[in-house]
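Participant: Please see the structure below; I have some questions.
Protein chains: 2
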Amino acid sequence: MSYIPPVKDLMFCIEHLSFWDQVSAMNVYSSHDLEDISAALESYSRFCQEQVAPLNHIGDALGAQFDNGQVSMPTGDVRTYAQFVEMGWQALVHPVEHGGMGFPRAAGAAGVEMLNAADMSFGLCPLLTDGAIEALLLTGSDAQKATYLEPLIAGRWSGTMNLTEPQAGSDLGRVSTKATRREDGSYGISGTKIFITYGAHDLTENIIHLVLARTPDAPAGPKGLSLFIVPQRLVNADGTLGAENTVNCVSIEHKLGVRASPTAVLEYKDATGFLIGTENHGLAYMFVMMNAARFSVGVQGIATAERAYQRALAYARGRVQSRPVNGFSKDAVAIIEHPDVRRMLLRMRSLIEGGRAIAAATAGLLDLAHHQEDPELSALAEFMVPLVKGFCSERAVEVASLGVQIHGGMGFIEETGAAQHYRDARILPIYEGTTAIQANDLLGRKVMRDGGKAARDFAARIAETEAELAEGDETSQAIGAALTEARVAFETALNWLLDKSRNDIDAAFAGSVPFLMLAGTLAAGWNLGKGALVAQKCLKAGQDTVFMTQKTATALFFAQHMLPECRTEMTRILHGSDSLLDADFPEY
Amino acid sequence: MSYIPPVKDLMFCIEHLSFWDQVSAMNVYSSHDLEDISAALESYSRFCQEQVAPLNHIGDALGAQFDNGQVSMPTGDVRTYAQFVEMGWQALVHPVEHGGMGFPRAAGAAGVEMLNAADMSFGLCPLLTDGAIEALLLTGSDAQKATYLEPLIAGRWSGTMNLTEPQAGSDLGRVSTKATRREDGSYGISGTKIFITYGAHDLTENIIHLVLARTPDAPAGPKGLSLFIVPQRLVNADGTLGAENTVNCVSIEHKLGVRASPTAVLEYKDATGFLIGTENHGLAYMFVMMNAARFSVGVQGIATAERAYQRALAYARGRVQSRPVNGFSKDAVAIIEHPDVRRMLLRMRSLIEGGRAIAAATAGLLDLAHHQEDPELSALAEFMVPLVKGFCSERAVEVASLGVQIHGGMGFIEETGAAQHYRDARILPIYEGTTAIQANDLLGRKVMRDGGKAARDFAARIAETEAELAEGDETSQAIGAALTEARVAFETALNWLLDKSRNDIDAAFAGSVPFLMLAGTLAAGWNLGKGALVAQKCLKAGQDTVFMTQKTATALFFAQHMLPECRTEMTRILHGSDSLLDADFPEY
Numbered sequence: 001m002s003y004i005p006p007v008k009d010l011m012f013c014i015e016h017l018s019f020w021d022q023v024s025a026m027n028v029y030s031s032h033d034l035e036d037i038s039a040a041l042e043s044y045s046r047f048c049q050e051q052v053a054p055l056n057h058i059g060d061a062l063g064a065q066f067d068n069g070q071v072s073m074p075t076g077d078v079r080t081y082a083q084f085v086e087m088g089w090q091a092l093v094h095p096v097e098h099g100g101m102g103f104p105r106a107a108g109a110a111g112v113e114m115l116n117a118a119d120m121s122f123g124l125c126p127l128l129t130d131g132a133i134e135a136l137l138l139t140g141s142d143a144q145k146a147t148y149l150e151p152l153i154a155g156r157w158s159g160t161m162n163l164t165e166p167q168a169g170s171d172l173g174r175v176s177t178k179a180t181r182r183e184d185g186s187y188g189i190s191g192t193k194i195f196i197t198y199g200a201h202d203l204t205e206n207i208i209h210l211v212l213a214r215t216p217d218a219p220a221g222p223k224g225l226s227l228f229i230v231p232q233r234l235v236n237a238d239g240t241l242g243a244e245n246t247v248n249c250v251s252i253e254h255k256l257g258v259r260a261s262p263t264a265v266l267e268y269k270d271a272t273g274f275l276i277g278t279e280n281h282g283l284a285y286m287f288v289m290m291n292a293a294r295f296s297v298g299v300q301g302i303a304t305a306e307r308a309y310q311r312a313l314a315y316a317r318g319r320v321q322s323r324p325v326n327g328f329s330k331d332a333v334a335i336i337e338h339p340d341v342r343r344m345l346l347r348m349r350s351l352i353e354g355g356r357a358i359a360a361a362t363a364g365l366l367d368l369a370h371h372q373e374d375p376e377l378s379a380l381a382e383f384m385v386p387l388v389k390g391f392c393s394e395r396a397v398e399v400a401s402l403g404v405q406i407h408g409g410m411g412f413i414e415e416t417g418a419a420q421h422y423r424d425a426r427i428l429p430i431y432e433g434t435t436a437i438q439a440n441d442l443l444g445r446k447v448m449r450d451g452g453k454a455a456r457d458f459a460a461r462i463a464e465t466e467a468e469l470a471e472g473d474e475t476s477q478a479i480g481a482a483l484t485e486a487r488v489a490f491e492t493a494l495n496w497l498l499d500k501s502r503n504d505i506d507a508a509f510a511g512s513v514p515f516l517m518l519a520g521t522l523a524a525g526w527n528l529g530k531g532a533l534v535a536q537k538c539l540k541a542g543q544d545t546v547f548m549t550q551k552t553a554t555a556l557f558f559a560q561h562m563l564p565e566c567r568t569e570m571t572r573i574l575h576g577s578d579s580l581l582d583a584d585f586p587e588y
Numbered sequence: 001m002s003y004i005p006p007v008k009d010l011m012f013c014i015e016h017l018s019f020w021d022q023v024s025a026m027n028v029y030s031s032h033d034l035e036d037i038s039a040a041l042e043s044y045s046r047f048c049q050e051q052v053a054p055l056n057h058i059g060d061a062l063g064a065q066f067d068n069g070q071v072s073m074p075t076g077d078v079r080t081y082a083q084f085v086e087m088g089w090q091a092l093v094h095p096v097e098h099g100g101m102g103f104p105r106a107a108g109a110a111g112v113e114m115l116n117a118a119d120m121s122f123g124l125c126p127l128l129t130d131g132a133i134e135a136l137l138l139t140g141s142d143a144q145k146a147t148y149l150e151p152l153i154a155g156r157w158s159g160t161m162n163l164t165e166p167q168a169g170s171d172l173g174r175v176s177t178k179a180t181r182r183e184d185g186s187y188g189i190s191g192t193k194i195f196i197t198y199g200a201h202d203l204t205e206n207i208i209h210l211v212l213a214r215t216p217d218a219p220a221g222p223k224g225l226s227l228f229i230v231p232q233r234l235v236n237a238d239g240t241l242g243a244e245n246t247v248n249c250v251s252i253e254h255k256l257g258v259r260a261s262p263t264a265v266l267e268y269k270d271a272t273g274f275l276i277g278t279e280n281h282g283l284a285y286m287f288v289m290m291n292a293a294r295f296s297v298g299v300q301g302i303a304t305a306e307r308a309y310q311r312a313l314a315y316a317r318g319r320v321q322s323r324p325v326n327g328f329s330k331d332a333v334a335i336i337e338h339p340d341v342r343r344m345l346l347r348m349r350s351l352i353e354g355g356r357a358i359a360a361a362t363a364g365l366l367d368l369a370h371h372q373e374d375p376e377l378s379a380l381a382e383f384m385v386p387l388v389k390g391f392c393s394e395r396a397v398e399v400a401s402l403g404v405q406i407h408g409g410m411g412f413i414e415e416t417g418a419a420q421h422y423r424d425a426r427i428l429p430i431y432e433g434t435t436a437i438q439a440n441d442l443l444g445r446k447v448m449r450d451g452g453k454a455a456r457d458f459a460a461r462i463a464e465t466e467a468e469l470a471e472g473d474e475t476s477q478a479i480g481a482a483l484t485e486a487r488v489a490f491e492t493a494l495n496w497l498l499d500k501s502r503n504d505i506d507a508a509f510a511g512s513v514p515f516l517m518l519a520g521t522l523a524a525g526w527n528l529g530k531g532a533l534v535a536q537k538c539l540k541a542g543q544d545t546v547f548m549t550q551k552t553a554t555a556l557f558f559a560q561h562m563l564p565e566c567r568t569e570m571t572r573i574l575h576g577s578d579s580l581l582d583a584d585f586p587e588y
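In order, the protein sequences belong to chains A and B.
Per full-length UniProt numbering, the first sequence starts with residue 1, numbered consecutively.
Per full-length UniProt numbering, the second sequence starts with residue 1, numbered consecutively.
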């Protein structure tokens, strides 16, 4: 079973949904046109398809291996990672002045999707390195940038995020790892970190750990955390590698999925660390890295869903079983002919294309927000990030589960491969902040804090798309009408939540995840609707008929099958908080 | 992590939701009162909790082992199965005249739930034996009953269903295993069967395979199938065991879940088989077994969901993390205090209690239909079976997934145990007929065939419950109002489907699974509503306040959070068929 990167749809999203006119007009991206992006993605897609995708199943079977403090990766991963470095793919979105290719974020998201669809375990290493690069770019000193950025952007070194401790998961205020200032300005880091993705491995010559820790006199809670660079091997003044740091891998986890990615317990024993920025501001710096990683985890959701979809589609085309329900044939047909198999495939496809569309849109907004410092766009971008993470990760689990279902009994057999996506996808709504954490972020920071301003801007933009759809043909109008109903449900929920935020905060947060799923589903429907407008225009001009017809079909399916969920979520928010808060959980 | 069988709720369902007044009035069950059932379930619950539940995790790790044609089970399973036989639990629902205990089906469902919650892999063996017993009771000759029933009901022998072949999954008409009549009246059975649960194992001294095969002159398709008894070891005239039959286990599957239950490929090489009933009627006989098994698979869904829920609840009580969202405390609290964790727990609980309620109702209806030969009740019972299978199995996957989510990162670690339920549950919407097969059965056989009569009877009974709820307090009225909206959605969808069944059968079947989920969710809400009426009565009388308060709370949560999905499913049915049927799946 091969994986074929959906480059055409990825480029469609970049060109039509990522605010490309504005993004490409910025100085920082003026040297790249769509043809450059397309050429880069085509080249990267070949690497993903030919070199990475074959690692997926064997890597799952072999897993990362731990022996006496050392973690060894499957040999295929080691070989292919070396090629990844040689071809320089880690550099895709990073600044040219530090050795990067300087592509915009929407192109980067396309790259993340292709690599992670090819092999999510493999893709996790560059994903975390990207986050470390982003954090260093924004918060590192010039000397730190000079030391670490070039080898990270080259992929020769990898990066990690060290947040979690046994007592500190979602609640980072409970981090207790200690950082003691030394006379030379460095810090001695001591403590135990768990769930460290790629915390130990043999793909790169060095690993740069970014570690949250607490100085002795720091205040308690989240405002006493500082962020440190702790290289696995210390770096000499000339950039060469020095002694091994005192960071030890104690064990790796036995996991449900992404088994070829090592999840390490790391023990820091007075390890040498270097402060980033100033003391006690570590959480804010870490959020830079975390936001980048959250966005990318959403994209991983699209990725694993796409792989599950391609596998299910191939099976549905090849598996002949049962006569058609309409009785028009006495012969059994390929199961793709059966209405319910089509329903499942279209549900998968529309959730994937919807997720891809909001990822592209958000990537564009993040670029515009980052480089233009436009407060409205910044707010909208920030509003969208938890939607990308929350919606795409939750939907990935659903899509992977449908992928198993389409295979029938074969789906439950590990050798088929469908089950691996179901196992792999399950981490996505958990790591880099659970869905509830995303929802709290959305409701608390992105909605309540500005009194719903960004959320209303979001709704207003959707209303504009509705107006355009209303001018179109019957299909466009149907999509527009479904979008209107969903958007009104969103606004109704929004008003209720803002009202409750003033006098009944528990009731508001009882609806946080329903609100996240409402907003995410609406955002996907909106961007699919925008895509349908483009497709209608192309179809009128006779351009790309097969592809554009299916873009429209997907948007219509999503409007008819998925957007109605928005009203259900609204009902849950408006009428479901009392039963939720009042219930008790007595012993049996 | 232990499992505590929810005997109180199981008894509540039997007493109040399984039509107990009518069931207990039947001669066949007149010797058992509720106290007998309660005593039996209490005793069985201790066995499940103490002997079976500890096997669950270790069995998953060890798995069934295949070596040179022999399958060996984990030693704990062998030891505990022997106790199961000694205590005679296989006999629970089977007729007294064949050595059974003669309890009604609702008690049997409670037993199936407890055993499968304790260990679904373990529970599968008795589940299939139950199906074989049921098929023999209804279709076997007196001689066959005399030979096979007693040891099966004692649990000394186990039963299997042999339907699937590589080319014949959902489409049994494609079965090609051959049955050649011999001079002595027996048949020589030759062919390969796959996905045979407990097709080979070392728990019992004999295995009775019920095998679908085709005689040489049989018509093609499903009307040419005959059903055969093929004992793994032949049985002498005096009931002692004779020679090994020529049925060989070629391999067992490497599966996503239920790993301690062997799934065998069986090769029949002119094996000796005995015809059940008459030739070419095999599929009808097999449906007897399949219907029993389908109902039980629905109950397995409740079971694995309950186990996942208990694990998540225990974790949510013990895990302290983050301050309350309302800011009323500076200290971190157990995560069960956080609104979204409560939401997930209540969603799990309400789906479980809703599923349990419809299983009890359906069990009662099946008993009434079976023994009283009432056509209206028979039709309603038949209408409910695909709901129990479809709704409870699909919801089990969802509940198990929420169970992982509540554990956060720990949920992804296999040692925690939550992931096992997520893996185990995934087979439920697939085996014994996928969800689409259940939906086709519901729409084609249970709705279209009688012009919607049974479906309207179902709706009318729900309307009666609504009327009773409208007489109650505010909570009852809220439940009733949500039920009305859901029931109207059901009737609207029903009318549309019946209309389409006359002129656009593809459009009707495009909505088959949405209709199944609509009806299943409605049925659960209905039975939870009936339970709430009972609970309100008890609360007024000051009886069992803690338990009855939570029965009401669960029903209210379901009404507010789950019943609104019915309208979404209706929208999918009415407005979603064109996009589904028209879409195409071009190459990338």
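We treat Cβ as the ideally placed atom computed from N, Cα and C, and that holds for glycine.
Would G411/B pass as an interface residue toward chain A - the criterion being a Cβ-Cβ separation below 8 Å?
Facilitator: Here residue 411/B refers to the residue found at position 411 of the second sequence. Closer than 8 Å: yes.
Participant: Which one of D544/A, R567/A, T552/A, N527/A has the shortest CA to CA distance from H16/A?
Facilitator: Within the first sequence, residue 16/A is the residue found at index 16, counting from 1. That would be N527/A, whose Cα lies nearest to the Cα of H16/A.
Participant: Closer than 8 Å by beta-carbon distance: list the chain A residues that pair up with T571/B, in chain order.
Facilitator: Sequence index remark: in the second sequence, residue 571/B carries index 571 (1-based). Residues of chain A passing the Cβ test: Q560, P564.
Participant: Just mark Q70/A as buried or exposed, buried being the case when its beta carbon has 16 or more other beta carbons within 10 Å.
Facilitator: Here residue 70/A is taken as the residue at index 70 of the first sequence, counted from 1. The residue in question, Q70/A, is exposed, as its Cβ has fewer than 16 Cβ neighbours within 10 Å.
Participant: Can you pull the chain B neighbours of P586/A, defined as C-beta to C-beta under 7 Å?
Facilitator: For this step, residue 586/A is matched to residue 586 along the first sequence. Under the 7 Å cutoff, chain B gives V546, Q550.
Participant: Can you check which of these residues, G63/B, L127/B, L518/B, is closest to V299/B by C-alpha distance?
Facilitator: What you label residue 299/B is simply residue 299 of the second sequence in a count that begins at 1. Comparing Cα-Cα distances from V299/B to each of G63/B, L127/B, L518/B, the minimum goes to L127/B.
Participant: Using a C-beta cutoff of 8 Å, does K178/B count as contacting chain A?
Facilitator: Along the second sequence, one-based indexing puts residue 178/B at 178. No, K178/B does not count as interfacial toward chain A.
Participant: Closest to H209/B by C-alpha separation, out of S170/B, G273/B, E183/B, would be which residue?
Facilitator: Working through the second sequence from its first residue, we reach residue 209/B at position 209. When only C-alpha atoms are compared, the closest one is G273/B.
Participant: On the DSSP bridge list, what partners appear for E267/B?
Facilitator: To locate residue 267/B, count along the second sequence from 1; it is residue 267. E267/B pairs with T192/B, N248/B.
Participant: Relative to the alpha-carbon of R156/B, which residue among E97/B, A91/B, V175/B, E183/B has its alpha-carbon at the smallest distance?
Facilitator: Within the second sequence, numbered from 1, the residue matching residue 156/B stands at position 156. When each option's Cα is compared against that of R156/B, the closest is A91/B.
Participant: Should N440/A be flagged as near chain B, meaning a C-beta pair shorter than 8 Å?
Facilitator: Numbered from 1 along the first sequence, position 440 holds the residue referred to as residue 440/A. At least one chain B Cβ lies under 8 Å of N440/A.
Participant: Using a 10 Å radius around the Cβ and a threshold of 16 neighbouring Cβ atoms, would you call G239/B buried or exposed?
Facilitator: As a working note, residue 239/B is residue 239 in the second sequence. When all chains shown are included, G239/B counts as exposed.
Participant: With C-beta atoms as the reference, is L10/A less than 8 Å away from E113/A?
Facilitator: Your numbering for residue 10/A matches position 10 in the first sequence. Your numbering for residue 113/A matches position 113 in the first sequence. Yes, Cβ-Cβ distance for L10/A and E113/A is below 8 Å.
Participant: Quick one: using the 10 Å Cβ neighbour count with 16 as the cut-off for buried, is Q167/B buried or exposed?
Facilitator: On the second sequence, position 167 is the one that residue 167/B refers to. By the 10 Å Cβ count, Q167/B comes out exposed.
Participant: Could you tell me the distance, in whole angstroms, from the CA atom of C392/A to the CA atom of F383/B?
Facilitator: Along the first sequence, read from residue 1 onward, the residue named residue 392/A stands at position 392. Along the second sequence, read from residue 1 onward, the residue named residue 383/B stands at position 383. In a straight line, the C-alpha of C392/A is about 36 Å away from that of F383/B.
Participant: Span of the beta strand (DSSP E) holding F458/A?
Facilitator: Position 458 of the first sequence holds residue 458/A. Careful: F458/A lies outside any beta strand (DSSP E), inside the alpha helix (DSSP H) at 453-470.
Participant: Buried or exposed for Y588/B, please, with buried defined as at least 16 other CB atoms from any protein chain shown within 10 angstroms of its CB.
Facilitator: Looking up residue 588/B in the second sequence gives position 588. Answer is exposed; the Cβ neighbour count stays below 16.
Participant: In this structure, does DSSP put V513/A in helix, strand or coil?
Facilitator: Numbered from its first residue, the first sequence carries residue 513/A at position 513. Of the three classes helix, strand and coil, the one that applies to V513/A here is helix, per DSSP.
Participant: Quick one: is D33/A buried, meaning 16 or more other Cβ sit within 10 Å of its Cβ, or exposed?
Facilitator: Position 33 of the first sequence, counted from the start, is the residue given in the question as residue 33/A. Exposed, by the Cβ-count rule.
Participant: Alpha carbons only, please: which of R233/B, G301/B, K8/B is nearest the one belonging to R423/B?
Facilitator: Start at 1 with the first residue of the second sequence, and residue 423/B comes out as number 423. Of the candidates R233/B, G301/B, K8/B, the one whose C-alpha sits nearest the C-alpha of R423/B is G301/B.
Participant: What are the boundary residues of the alpha helix (DSSP H) that L428/A is part of?
Facilitator: The sequence position of residue 428/A within the first sequence is 428, counting from 1. Segment: none, L428/A is in no alpha helix (DSSP H) and carries neither H nor E.
Participant: Verify the CB distance criterion: does A200/B have a CB-CB separation below 8 Å to chain A?
Facilitator: The residue given as residue 200/B occupies position 200 in the second sequence. False, the Cβ-Cβ gap to chain A never drops below 8 Å.
Participant: So, using beta-carbon positions, are H561/B and G169/A closer together than 8 Å?
Facilitator: Position 561 of the second sequence holds residue 561/B. Position 169 of the first sequence holds residue 169/A. No; because the gap between Cβ atoms is not below 8 Å, this pair is not in contact.
Participant: Tell me which residues share the same chain as V78/A and place their Cβ nearer than 7 Å to its Cβ, disregarding the 5 neighbours each side in the sequence.
Facilitator: Your numbering for residue 78/A matches position 78 in the first sequence. For V78/A, where only same-chain residues beyond five positions count, the Cβ hits under 7 Å are D202, L203.
Participant: So which of A425/A, R502/A, V399/A has the shortest CA-CA distance to G257/A?
Facilitator: For the purposes of this step, residue 257/A is identified with residue 257 of the first sequence, where counting begins at 1. Distance check between G257/A and each of A425/A, R502/A, V399/A places A425/A closest, using alpha-carbon atoms only.
Participant: Look at the alpha carbon of T492/B and the alpha carbon of M570/B, and state the distance between them as a whole number of angstroms.
Facilitator: What you label residue 492/B is simply residue 492 of the second sequence in a count that begins at 1. What you label residue 570/B is simply residue 570 of the second sequence in a count that begins at 1. Their Cα atoms are separated by approximately 7 Å.
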